[in-house]
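These notes are about the structure you will find just below.
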Amino acid sequence: KIQEISYHLKRHKVFTPSKYQNLPIKMKLVSLLLVSTCLTTSAFGVTQTTVVKKSAGFNNKQVAFKTSASASPLFRDASITRGGAVPGWAAYNESLEKSPLTTKAFTSLVGFLLGDLLAQVFITGGPLDVKRLITLTSFGFLYHGPSGHYFYNWLDSKIEGTGAKAVFSKVAIDQLLWCPIFMTVFFSYLGLVGGDSLATIADKIKSDLFTAMQGSWKVWPIVHAVNFRFISTKHRLLFINVVQIGFNIFLSLIGSKA
54 KIQEISYHLK
64 RHKVFTPSKY
74 QNLPIKMKLV
84 SLLLVSTCLT
94 TSAFGVTQTT
104 VVKKSAGFNN
114 KQVAFKTSAS
124 ASPLFRDASI
134 TRGGAVPGWA
144 AYNESLEKSP
154 LTTKAFTSLV
164 GFLLGDLLAQ
174 VFITGGPLDV
184 KRLITLTSFG
194 FLYHGPSGHY
204 FYNWLDSKIE
214 GTGAKAVFSK
224 VAIDQLLWCP
234 IFMTVFFSYL
244 GLVGGDSLAT
254 IADKIKSDLF
264 TAMQGSWKVW
274 PIVHAVNFRF
284 ISTKHRLLFI
294 NVVQIGFNIF
304 LSLIGSKA
């Protein structure tokens, strides 16, 4: 599907770097967020299309999507759908079972790497800022993945179920409690790595924290409504990271702003 999208983009000559850089930043962010969301939906099988496989000598039909909410119905059943939902899906799940913390840390590493790389290539332009790329990628590995692992495990243990009340409560806690903590740590980390004084870091937080939270509130409530309703705990951070590739572009821009 990604190859097909790339073919149509090239054929119609849209989103080429030269044209893309002329778009307003807000339009670029919205476009990349939409692309990330669409690719997430496609990869995780959100559509209700079913895949049928007939066994030799039998007329029985098997549905390739699980129906139990606790089993992440958005993910295809690799034992029925040839190749699974995505390549390496079985290996990734095995890694989640054996080393969940490390696996989620590397998942966030990839998410932040792609987010800042796309921001530098398509929005800010110019030479690649390797230091900035390493700084943000390291943040994903050192903080976003591990903290997300513990936070969402804790949240799911305290508020069980996938009903409307449980989903609303989880979204509210995530956005009103976890979001400001996460953003504060994010700005503090960037300041410390950049050698800023504590006073400078405090000023950065005062000036940009609410802006960052407003950006989060425009994207994540609906994403987390899907997340807490359909995705199992162990896959929660993976789902977040795929969508967050687009949001990380926003974070990399606001984080690198003087």
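Numbering (this note's numbering), first residue to last: 54 to 311. Backbone N, C-alpha and C define an ideal beta-carbon position, used for all residues, glycine too. None of the values given here were measured: they were computed from a predicted structure.
| If you check the beta carbons only, do A144 and G198 fall under 7 Å apart? | no
| request: Could you spell out the range, first to last residue, of the alpha helix (DSSP H) harbouring D261? | output: L251 to F283
| request: Thinking G240 and I254 are a contact (beta carbons under 8 Å), I'd like their distance in whole angstroms, please. | output: This sequence places Phe at residue 240; Gly is not what is there. About 7 Å separates the two Cβ atoms, so the contact holds.
| task | For the alpha helix (DSSP H) holding Y205, just list the boundary residues, first then last. | result | G198 to K211
| Are the Cβ atoms of I298 and F292 separated by less than 7 Å? | no
| D169, enclosing alpha helix (DSSP H) - first and last residue | P153 to A172
| said: Measuring alpha carbon to alpha carbon, tell me which residue in G201, V163, A225 and Y205 is nearest I275. | reply: A225
| query | Relative to the alpha-carbon of F165, which residue among P180, F194 and T177 has its alpha-carbon at the smallest distance? | reply | F194
| message | If you reduce the DSSP assignment to three classes, tell me which class D182 lands in. | response | coil
| query | In terms of alpha-carbon separation, which member of A278, W207, W270 and E147 lies closest to A217? | reply | A278
| request: Using three-state DSSP, classify G214 as helix, strand or coil. | output: coil
| message | Does Q267 pass the burial test, meaning 16 or more other C-beta atoms within 10 Å, or should it be called exposed? | response | exposed
| Between which two residues does the alpha helix (DSSP H) containing T237 stretch? | C232 to V246
| message | Three or more C-beta pairs under 8 Å: does that hold for the region 141 to 155 against the region 172 to 187? | response | no
| Exposure label - K257; buried when at least 16 CB within 10 Å | buried
| query | Alpha carbon to alpha carbon, what distance is there between L230 and S222? | reply | 11 Å
| said: So, with DSSP's three-state summary, where would you put P126? | reply: Any reading at P126 must be qualified, since the residue scores a pLDDT of 49, below 50, and its modelled position is unreliable; no value is offered.
| Is it true that the CB of N294 sits closer than 7 Å to the CB of T160? | yes
| query | In angstroms, rounded to a whole number, what distance separates the CA positions of S148 and K184? | reply | 30 Å
| Which listed residue (W273, P233 and K271) has its alpha carbon closest to that of K259 | P233
| Using the rule of at least 16 other Cβ atoms within 10 Å of the residue's Cβ for burial, across every protein chain shown, is G201 buried or exposed? | buried
| task | Would you check if the distance between the CB atom of T156 and the CB atom of D209 is smaller than 7 Å? | result | no
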